[in-house]
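Here's the structure we're looking at; comments come further down.
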């Protein structure tokens, strides 16, 4: 099932703009023509530094989304094209790659996300030990799946 919803973005001067957003049956959301939907909301709210991030609940409401997972999915997609970063105190903003502060924000966010990912992988490995699966064991064996 694919449905279109109206998402609100706020622009300076108090005017409100709407954009069609496509919600697919797998709960992913694609802005039309892969435009930078969340980035445009962040920029309209002047969320351009760690000093003035847009809070997550505010972004969810402005984008017309139901939860933070949908917001995270959109941000993850847009990060291919726009440096959207998050801070330790919460909130998101578009970092300026042409300033030392913006580059430092990007580096901090990247480091945090990479450490979080490494920690998650480590936790998964720990849990596999309870199944009797050793690291690398799942790739051993012949073509019919039998282990040696």
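In our numbering, the protein residues as written are 358 to 505. Ideal placement from N, C-alpha and C gives every residue a C-beta, glycine not left out. Predicted model, so just to flag it, every value in this text is computed and none were measured.
Only buried fits residue 416, as 16 or more other CB atoms lie within 10 angstroms of its CB.
Distance check between residue 410 and each of 484, 477, 443 and 474 places 443 closest, using alpha-carbon atoms only.
Secondary structure note for residue 406: it is in no beta strand (DSSP E), with a DSSP letter that is neither H nor E.
Here residue 453 has 405 and 459 as same chain residues with Cβ atoms under 7 angstroms from its own Cβ, once five neighbours each way along the sequence are excluded.
By the neighbour-count criterion, in which 16 or more other beta carbons inside 10 Å mark a residue as buried, residue 487 falls on the exposed side. The C-beta of residue 462 has 16 or more other C-beta atoms within 10 Å across all chains shown, which makes the residue buried.
Per the Cβ contact rule, the stretch 423-432 is not in contact with the stretch 466-475 (fewer than 3 Cβ pairs under 8 angstroms). According to DSSP, residue 441 shares a beta bridge with 451. Within 10 angstroms of the beta-carbon of residue 396 lie 16 or more other beta-carbons, which makes it buried. It is roughly 13 angstroms from the alpha-carbon of residue 403 to the alpha-carbon of residue 448. Between the alpha carbons of residue 420 and residue 407 lies a distance of about 21 angstroms. Around the beta carbon of residue 399, 16 or more other beta carbons lie within 10 angstroms, which makes this residue buried. Residue range 425-435 is occupied by the alpha helix (DSSP H) that includes residue 425.
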